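Below: the structure, in structure tokens.
In the working numbering, the protein residues as written are 17 to 505.
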């Protein structure tokens, strides 16, 4: 076979005349060791010699080079102590354990898990799920509209500003959200059983759809900015916004088309559907209703009459907070937190469980956790034994430095109290299916709650009149879009 053109070119380079090579200007030599603050080879030599005299270090290196540190360093003693045993439980946990699969819908699953307990009690149901995909569909449709409204409002903003960079990076189409965003969806679009609007591939595996929507929405954002800047000279501000919203309407039709193709067409909020089901006594039933009516009349739980209670030690307590430009339903329920000490969150959660109410909560799920076996314990991993050091930041410091944030939403269904009424551990229902964690559940130590639980949700009846007045009427502190509390579970 004759040599290819690339082979000939490689040969030509190799036969370059010596004069060409010798006439090159030599690159300057940098002596890094002489630069203040540089990592010096001398220091590395010292560290190496010091560590090679440490037998414990050499044993740790031998073991941890060959396996997952979380497996080797997990404390057997803590696993023995972290029993799935609780002396205060709600009467009914929903069946089956839900599975969000390859999607970021935990916040919607956790809300559906809470509500279905009340629906199951009301209708004496066995296995039953609300349609998480229904909320997902309208969340993505609403988020697209929310994002484009932000772009209309910010059309004069430089694309390189921190606000625009944040929104373009984080906001166009993503699965995560907050409790108040989920409530906004229920109040606007209602709920349906999963049998009425089942899972689709793209609701269960959302990455490709999210990527397409994000790219399309960024393109639309650019088009809106160009359109508004081009038209603004000959129009009043109100007329310009009206014209931009006409353009946006066509864009939203494209988004709706993509969503219905990928997820299937859901019922409209006021469209009648028939729910047929069998109760635990094998009696068949049929209800004709609409999504809004189902949420209002049949679900059995008023998500709109709830308060989102936060524990953010960076900020003063007994005050309300929100996140600028975080939301989904334009004109819907706004995002609002009541900040309180962590012991207050525990007190309310205990009272709710004892009153037979499950508790929606948001946390940083992967920290100090063995999610494979379903254990969340601050002392679970013995890093200090291997490395001679561990991370010592407290909750406030972790938030300040962006080390921790709300990454996952789940549901408390039980708590174990000691002889003095203090919480020892909590039972957590997850949404990763029955084969994940411990048959779909986790045990959380109370110390882990203190460190990594940031939010619980409670019906208004569990709060005092004083706190409700603060939540309803006190001035709200607005945190910037990039604040760590803006992380969506």
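Even for Gly, the Cβ is constructed at its ideal location relative to N, Cα and C.
Predicted, not measured: the structure shown is a model, and the values here were computed from it.
DSSP places residue 445 in the uninterrupted beta strand (DSSP E) bounded by 439-445. Going by DSSP, residue 51 is part of no alpha helix (DSSP H) at all; its letter is neither H nor E. For residue 356, the three-state secondary structure derived from DSSP is coil.
CA-to-CA, the gap between residue 107 and residue 371 works out to about 10 Å.
Residue burial annotation: residue 459 is buried, with at least 16 other C-beta atoms found within 10 angstroms of its C-beta.
A contact is defined here as three or more CB-CB pairs under 8 Å, and the segment 289-302 fails this definition with respect to the segment 317-329. Distance from the CA atom of residue 178 to the CA atom of residue 76, rounded to whole angstroms, is 44 Å. Counting along the chain, residue 128 sits inside the alpha helix (DSSP H) bounded by residues 122-139. Nearest C-alpha to residue 332 among 486, 226, 408, 469: 486. In the displayed model, residue 187 falls within coil according to three-state DSSP, outside both helix and strand. Counting of Cβ neighbours within 10 angstroms places residue 196 among the buried residues, the total reaching 16 or more. With respect to the C-alpha of residue 422, the residue from 431, 187, 411 having the closest C-alpha is 411. Inter-residue distance for residue 53 and residue 59 is about 12 Å (C-alpha atoms, whole angstroms). An exposed status is given to residue 81, since fewer than 16 other beta-carbon atoms sit within 10 Å of its beta-carbon. Our two residues, residue 194 and residue 302, have alpha carbons roughly 33 Å apart in a direct line. The three-state reading of DSSP puts residue 346 in coil, since its state is none of H, G, I, E or B.
Contact between the segment 428-444 and the segment 346-356 is absent: fewer than 3 CB-CB pairs across the two stretches fall below 8 Å.
For residue 379, the three-state secondary structure derived from DSSP is strand. Listed in chain order, the non-local C-beta contacts of residue 304 below 7 Å within the same chain comprise 288, 290, local neighbours out to five positions each way being set aside.
Of 119, 187, 131, the smallest CA-CA separation from residue 503 is found for 187. Beta-carbon to beta-carbon, residue 122 and residue 505 are separated by about 6 Å, close enough to satisfy the 8 Å threshold. In this chain, the beta strand (DSSP E) harbouring residue 322 covers 322-326. In the DSSP assignment, residue 470 falls within the beta strand (DSSP E) that extends over 469-475.
Rounded to whole angstroms, the gap between the alpha carbons of residue 131 and residue 409 is 36 Å. DSSP places residue 106 outside both helix and strand once states are collapsed to three, so it counts as coil. Residue environment analysis places residue 307 among the buried positions, since at least 16 neighbouring C-beta atoms fall within 10 angstroms of its C-beta. DSSP lists 292 as the beta-bridge partner residues of residue 302. Note on residue 142: under 16 other CB atoms within 10 angstroms of its CB, so exposed under the neighbour-count rule. In the three-state reduction of the DSSP assignment, residue 318 falls in the coil class.
Residue 252 sits in coil when the DSSP states are folded into three classes, being neither helix nor strand. The DSSP-derived three-state label of residue 400 is helix. Judged by DSSP secondary structure, residue 199 falls within the alpha helix (DSSP H) whose first and last residues are 195-205. Taking the Cα of residue 270 as reference, the smallest distance to any Cα among 255, 258, 235, 137 is reached at 235. Sixteen is the threshold: when 16 or more other Cβ atoms of the shown chains lie within 10 Å of the Cβ of residue 230, as they do, the residue is buried. Residue state for residue 419 is assigned as coil, using DSSP reduced to three classes. Annotated as distal: residue 474 and residue 336, with beta-carbon spacing of 8 Å or more.
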